[in-house]
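Right, one structure below, let's go through it.
In the numbering used here, the protein residues as written are 5 to 311.
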């Protein structure tokens, strides 16, 4: 077998694909399933993804870099506008696009809106992915495949379930088939290019989102202020992080009665962070109010959401 200088076989494919779709259609769960580990947070709440997170899928004949984007929606805040801008810029930079539509919900205006956006992205192949087939009857899945097919011209249409590992590899195969030939873009073993502090902040935000009211997901931001090994200990990392909300009433929800909810958030986040880092963690969480931060350009920059 002929190989290139890095040991990759000739014919090896490498490139980028992104998942787009309405909020909460299973994009992050599907990316995690493809990568084989958790690199993006998931939640039953919409709009949990706020960054273009890259997960790296390694195969002997290919390297697929999956970009998980925030859900496309009609923005109501400056943050929403920046998230939509992020998605649109990502669409022009990838080799293939995965358009995710859930099997258990009727095709709606949001799906049609995204399909129109994708139709304007010339020369980039789009694979339509009917997600969450485990939540729908076979007849419903078949009807959804037909409904999705009517939304536009797609290179492929495929049903899958990340939860049941149904046809996840096939989704990878189809996306990889549209990548250019080339050497791997990332070293073997790398699963994401996200800095650890960003991943940790996302894991804390995921823990904070569980079980809270519908309006909170849009109002929580997390920043890791400090992260260092404990002096004299090589088996313990101290992490100090801030959760920011927009109103005092939201601060009360996050903290809970006598701090009970914040302790639950800290315990859940710490388990995930320790699994990520492979070491014990001391996690210090503080909650502060940044009034209307989603609409304040200065505060958005402070929290990492740039123009």
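A virtual CB, placed ideally from N, CA and C, is assigned to each residue, including glycine.
From the DSSP output, which residues share a beta bridge with residue i?
| i | result |
| --- | --- |
| residue 165 | 170 |
| residue 231 | 243 |
| residue 106 | 135 |
| residue 62 | 67 |
| residue 21 | 70, 100 |
| residue 225 | 248 |
| residue 160 | 131 |
| residue 185 | 17 |
Whose C-beta lies closer than 8 Å to the C-beta of residue i among residues of the same chain, with five residues either side of it excluded?
| i | result |
| --- | --- |
| residue 241 | 231, 232, 233, 234, 281, 283, 284, 285, 286 |
| residue 243 | 204, 228, 230, 231, 277, 285, 286, 287, 288 |
| residue 259 | 265, 266, 291 |
| residue 63 | 176, 180 |
| residue 98 | 19, 20, 21, 22, 71, 128 |
Using beta-carbon positions only, say whether residue i and residue j come within less than 8 Å of one another.
| i | j | result |
| --- | --- | --- |
| residue 119 | residue 149 | no |
| residue 38 | residue 25 | no |
| residue 227 | residue 211 | no |
| residue 247 | residue 289 | yes |
| residue 167 | residue 194 | no |
| residue 202 | residue 162 | no |
| residue 213 | residue 273 | no |
| residue 296 | residue 250 | yes |
CB-CB under 7 Å to residue i, same chain, minus the five flanking residues each way: which ones, in chain order?
| i | result |
| --- | --- |
| residue 179 | 21, 68, 100, 102, 131 |
| residue 159 | 129, 130, 131, 182 |
| residue 18 | 66, 67, 183, 186, 187, 188, 189 |
| residue 107 | 134, 135, 136, 137, 139, 140, 144, 145, 148, 163 |
| residue 116 | 155 |
Determine the extent of the alpha helix (DSSP H) in which residue i is found, giving its start and end residues.
| i | result |
| --- | --- |
| residue 37 | 31 to 39 |
| residue 209 | 200 to 213 |
| residue 149 | 142 to 153 |
| residue 292 | Run containing residue 292: none in the alpha helix (DSSP H); it sits in the beta strand (DSSP E), 284 to 293. |
| residue 121 | 113 to 123 |
| residue 255 | 252 to 259 |
Locate the beta strand (DSSP E) running through residue i, then write down its first and last residues.
| i | result |
| --- | --- |
| residue 269 | Segment 264 to 281 is the alpha helix (DSSP H) holding residue 269; no beta strand (DSSP E) there. |
Please look up how many angstroms separate the CB atoms of residue i and residue j, rounded, as I've assumed it's under 8 Å.
| i | j | result |
| --- | --- | --- |
| residue 254 | residue 223 | 6 Å |
| residue 164 | residue 152 | Residue 164 to residue 152, Cβ: 13 Å. No contact. |
| residue 30 | residue 135 | 4 Å |
| residue 23 | residue 104 | 6 Å |
Does the beta carbon of residue i come closer than 8 Å to any beta carbon on chain C?
| i | result |
| --- | --- |
| residue 164 | The structure shown contains no chain C; it holds only a single protein chain. |
Who are the near neighbours of residue i in its chain, counting only those whose CB is closer than 6 Å to its CB and skipping five residues on each side?
| i | result |
| --- | --- |
| residue 311 | Unreliable positioning characterises residue 311 in this predicted model, as indicated by a pLDDT of 46, which lies under 50. A coordinate reading is not provided. |
| residue 35 | 44, 59, 70, 72 |
| residue 48 | Summary for residue 48: the model assigns pLDDT 42, below 50, so the residue's position carries little reliability; its value from the coordinates is reported in the next sentence. So no residue of the chain qualifies. |
| residue 217 | Interpretation of residue 217 is limited by its pLDDT of 49, a score under 50 that renders its predicted location unreliable; the figure taken from the coordinates is listed afterwards. Closer than 6 Å at Cβ, skipping near neighbours: no residue. |
| residue 125 | 95 |
| residue 121 | none |
| residue 111 | 151 |
| residue 123 | 156 |
Going by the C-beta, is residue i closer than 7 Å to any heavy atom of the ligand FAD?
| i | result |
| --- | --- |
| residue 178 | Ligands in the displayed structure: none, and consequently the ligand FAD is not present. |
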